[in-house]
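Asker:
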Amino acid sequence: DDDVPLILGRPFMKTARMMIDIDDGVMKVGVQDEEVSFNLWEAMKHPKDKGVCFKMDAIEEAILDVKKQVMKPSP
851 DDDVPLILGR
861 PFMKTARMMI
871 DIDDGVMKVG
881 VQDEEVSFNL
891 WEAMKHPKDK
901 GVCFKMDAIE
911 EAILDVKKQV
921 MKPSP
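Each residue of the sequence shown is one higher than the one before, counting from 851 in the numbering used here.
(1) Look at the Cβ atom of R867, then the Cβ atom of G880, and state whether they are nearer than 8 angstroms.
(2) Roughly how many angstroms lie between the CA atoms of F888 and D915, to the nearest whole one?
(3) Could you give the DSSP three-state label for K878: helix, strand or coil?
(4) Which of the three DSSP states is assigned to D915 in this structure?
(5) For a quick check, are the C-beta atoms of E885 and K878 less than 8 angstroms apart?
(6) Quick one: Cα of M869 to Cα of Q882, how far?
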């Protein structure tokens, strides 16, 4: 979303061991023993599909609701 600030701020980049190679257009994110590479030039070619983000938000919210219900102490 263009109106929402990116979560990829400096604290996140340090925590996730992030490296951005501008010459190659590659962003690498490492967490524990795993590393994922993103081709920035490819990502910029795709249209922004906001519907996908909204679906993800709805799923995440539903998961949190179920988690709250499961974690409630029984009387």
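We put the CB at the ideal spot given by N, CA and C, even for glycine.
Answerer: Let me spell this out:
(1) With respect to the 8 angstroms criterion, R867 and G880 are classified as neighbours on the basis of their beta carbons.
(2) Taking the straight line joining both Cα atoms gives about 32 angstroms.
(3) In this structure, K878 counts as strand in the three-state DSSP scheme.
(4) D915 carries a helical assignment under DSSP once its states are collapsed to helix, strand and coil.
(5) The answer is yes: Cβ separation under 8 angstroms.
(6) In this structure, the straight-line span from the alpha carbon of M869 to that of Q882 is close to 15 angstroms.
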